[in-house]
Amino acid sequence: MVLKKNLIFRILGAAIFFFEGRNGGVIKSVADGRREQRFWLATQYFSWRKFWNLIRIEFQVRFARRFVWGSPYEWEIDTTNICQLKCPLCHTGKGTIHRDQGVMDFGLFTSVVDQIKQSCIWLTLYSWGEPFL
Numbered sequence: 333m334v335l336k337k338n339l340i341f342r343i344l345g346a347a348i349f350f351f352e353g354r355n356g357g358v359i360k361s362v363a364d365g366r367r368e369q370r371f372w373l374a375t376q377y378f379s380w381r382k383f384w385n386l387i388r389i390e391f392q393v394r395f396a397r398r399f400v401w402g403s404p405y406e407w408e409i410d411t412t413n414i415c416q417l418k419c420p421l422c423h424t425g426k427g428t429i430h431r432d433q434g435v436m437d438f439g440l441f442t443s444v445v446d447q448i449k450q451s452c453i454w455l456t457l458y459s460w461g462e463p464f465l
């Protein structure tokens, strides 16, 4: 995939590669194969507000500041806690989590997405379980 080398891509690329080799942080935990996909998706929905938020949070993480200066830029929304798989390490699949099973209401989902859309760079739609089966 060929990316345009405009100013936005250069700035985001520099930020990602600057933070990727540092101690801690979320960016280092991303697998190498997903880094390009993540970079491409982040630039498709780029805004200066999201970029500034990313810089504030990463600065705070690197220098162990006590105050939160921004909003999380990685979100995980567990849309359901139902799973048909029986993975031996998964509490949802084994049924050892004692909570009601259900699916998130679409109105609640859109409300949450509307609240986080100003700062969200990466969104995962599953946690424990497999909502897409």
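Residue numbers for the sequence shown, in our numbering: 333 to 465.
Ideal Cβ placement from N, Cα and C applies to all residues, glycine included.
To the nearest angstrom, how far is it from the Cα of residue i to the Cα of residue j?
i              : j              : result
valine 400     : glutamine 392  : 7 Å
threonine 424  : aspartate 432  : 11 Å
glutamine 416  : arginine 394   : 40 Å
valine 435     : cysteine 422   : 18 Å
tryptophan 460 : serine 379     : 30 Å
threonine 442  : isoleucine 429 : 26 Å
lysine 382     : proline 420    : 38 Å
cysteine 452   : isoleucine 414 : 25 Å
aspartate 446  : threonine 411  : 15 Å
Classify residue i as helix, strand or coil using the three-state DSSP reduction.
i             : result
leucine 417   : coil
arginine 400  : The question names arginine, yet the displayed sequence has valine at residue 400. Three-state DSSP puts valine 400 in coil, outside helix and strand.
threonine 428 : coil
serine 459    : coil
Pick out whichever of the options has its Cα sitting closest to the Cα of residue i.
i                 : options                           : result
glycine 402       : Gln450, Leu457, Ser459 and Trp454 : Gln450
phenylalanine 438 : Phe383, Pro404, Trp454 and Ile409 : Ile409
serine 457        : Lys382, Trp407 and Lys418         : Reading off the sequence, residue 457 comes out as leucine, not serine. With distances taken between Cα atoms, leucine 457 lies closest to Trp407.
tyrosine 405      : Ala396, Thr428, Leu440 and Arg388 : Arg388
The beta strand (DSSP E) with residue i in it runs from where to where?
i              : result
tryptophan 454 : 454–456
tryptophan 407 : 406–408
Over what stretch of residues does the alpha helix (DSSP H) that includes residue i continue unbroken?
i              : result
tryptophan 380 : 380–394
Since residue i sits in a beta bridge, which residues does DSSP pair it with?
i             : result
glycine 444   : Just to set this straight, residue 444 is valine in the shown sequence, not glycine. Looking at the DSSP assignment, valine 444 forms no beta bridge with any residue, so it has no partner.
threonine 412 : Val435
Examine the ligand COA and report whether any of its heavy atoms sits within less than 7 Å of the Cβ of residue i.
i          : result
lysine 382 : In the structure on display, the ligand COA does not appear, and there are no ligands present to speak of.
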